[in-house]
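Asker:
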Amino acid sequence: MYLHTSHCHLVKNKSQNLLVDEWDQLPYPLIQPEDNLLYLEWSIILDETEKQVGTIALKQLPDMVTFEMIYHVDREEIGLDLMEELLKLQIDYSFNSLKIQRLMIQVRAINFDMIRILRRLGMRLEEKTMIHDCALVIYTLTNYQQLTMMKMRSSSLVHSQVLQFVKNEEEIRILMQTGLRLNRNAPIDLMRDYHYRLFVNEETFLDYLNCTDWMHQFGDIVIVKKTILSKSAYLFQIQFQDGVRLDLEFISLVNLWGAVYEETLCRVILDKDGLLPPLDDPNDSAHYLQCPTEEEFNQLLNDIWWYQIEVAKAMYRDEVTLVSSIYEEMLLERVTTLLSWKIGLKYEWKIDLGRKKRWLKRYLPESIYNDYLHLYPNKCYNSIWDRLFFMGSFIQKIAIEIAQTLGYDYDQSQGEIVTKFLHRINSLPDNATEFN
């Protein structure tokens, strides 16, 4: 098996109690005499110069299932990035080809660069020790851990990981859970994210923003999105390879009370200093739909009719990006709000439709929801004209129902006038000089 990284390759060097040609015929036997322990070593060869710049080895330990990863390298030739590639290559080969069950590595406790690499590779701190007045740390990784990086962790495991992290961090004083996992009315599926708020001492509030090595202990990361929410809060949204997404919001303790009382979907997990009084059970009342005033209702309808004309004018000019922006971001968003008010009436405004009204389908009659879907354009750009004309009658029906129920005045003639105006724009020839 040819082992290589982006800048070097490995050559089988020597072994103990095993012929070099037999390496790829492993897995090794688990039961064997202690004096028959395996030792496999590779030379590290730079691709560009064919120069040997070190060795990397696997040494079987007396427990028979653990192999120690050993390396001797030229630090001037091998940087941190290449070192990480080499260790990743060794881990993959050990688990996937040699079927080794457990790996171990020892590094100096002050070798922070190497420790960061080991954490990124998913290795866990096993113990700290002293050898000849030298402080060492031992990191391990098992084949089971490697496999579970791709199998979604249980909610209890994720929760315990976050809790343990907060317990270990002296500067984090309070841990709260928020989000959909506390909402009994939210759909249950594997796409639900984990949301936590971590309240940090003001003096060290930015530490977790400036150095993000801490996040690698939670798993194999796909991508991280960082958002600065305010001077006293920032958010890391972390997507892991096993499908888990973790949203960690770091908040300065100076903003504790404002952050706590703005959200009803929250639960205190850990309060190290007993700062918080007992909170109500998590509920979604802070996210209930709000009944519009008569002015808000008529303003929304006015916006809908206005943006229909804006879309029509952009269609006439063949301004595709402007059409898409106004139609989807302004027009359809307001239509969605109108439909949410219809739902709010039915449930007496004690209903949460989620972010961007994403649970609209759960509460609308099927026929109305299908009509709503018809408003979304298909692949044909010119189909937007059909959607605009269909939207007129659809909006009128919903608006009249809401106005009558709330006892609001509503001038439906405005929509009729706009619809006729849209037909005039649609009938214009290209490069028209008169509006006929």
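Residue numbers are given in our numbering: position 393 of the sequence shown equals residue 593, and the series is strictly consecutive. The beta-carbon is built from N, C-alpha and C at its ideal position, and this holds for glycine as well.
According to DSSP, is Leu230 part of a helix, a strand, or is it coil?
Answerer: Its pLDDT being 35, under 50, Leu230 is placed unreliably by the model, and nothing is read from it.
Asker: Taking its Cβ as the centre, do 16 or more other Cβ atoms sit within 10 Å of Asp552, making it buried, or is it exposed?
Answerer: buried
Asker: At which residues does the beta strand (DSSP E) containing Asp471 begin and terminate?
Answerer: Asp471 -> beta strand (DSSP E) spans Cys466 to Asp471.
Asker: Return the bridge partner residues of Phe440 from the DSSP annotation.
Answerer: Ile421
Asker: From this set, Gly322, Leu341, Ile317 and Ala309, which residue's C-alpha is nearest Lys328's C-alpha?
Answerer: Ala309
Asker: Out of Met323, Ser525 and Phe312, point me to the one whose CA is closest to Asp292's CA.
Answerer: When each option's Cα is compared against that of Asp292, the closest is Met323.
Asker: Please name the residue, chosen from Ile374, Thr536 and Glu268, that lies closest to Ile338 on a Cα-to-Cα basis.
Answerer: Glu268
Asker: What are the boundary residues of the beta strand (DSSP E) that includes Ser613?
Answerer: First-last for Ser613: Ser613 to Asn626, but that is the alpha helix (DSSP H), not the beta strand (DSSP E).
Asker: Take Cys411 as the anchor and find which of Asp313, Tyr527 and Thr249 has the nearest alpha-carbon.
Answerer: Asp313
Asker: Can you check which of these residues, Ala257, Arg384 and Arg320, is closest to Ser485 by C-alpha distance?
Answerer: Arg384
Asker: Find the nearest neighbour of Met530 within the set Tyr547, Lys556, Trp549 and Asp518, judged by alpha-carbon distance.
Answerer: Lys556
Asker: Give the secondary structure of Arg264 by DSSP, where H, G and I count as helix, E and B as strand, and everything else as coil.
Answerer: One point to set straight first is that residue 264 is Met, not Arg, in the sequence displayed. Here Met264 sits in coil by DSSP.
Asker: Ordered along the chain, which non-local residues of its own chain (more than five positions away) have a Cβ less than 8 Å from that of Trp541?
Answerer: Taken in chain order, the residues that qualify are Leu489, Cys491, Pro492, Phe497 and Ile602.
Asker: Which runs of the alpha helix (DSSP H) at least 4 residues long sit entirely within the region 329–413? Give them in chain order.
Answerer: 343–348, 355–368 and 407–410
Asker: Identify the continuous beta strand (DSSP E) that holds Trp242 and give its terminal residues.
Answerer: Tyr239 to Leu246
Asker: What ranges does the alpha helix (DSSP H) occupy inside the region 465–524, keeping only unbroken runs of at least 4 residues that lie completely in it?
Answerer: 494–516 and 520–524
Asker: With 16 other CB atoms within 10 Å as the buried threshold, where does Ile438 fall?
Answerer: buried
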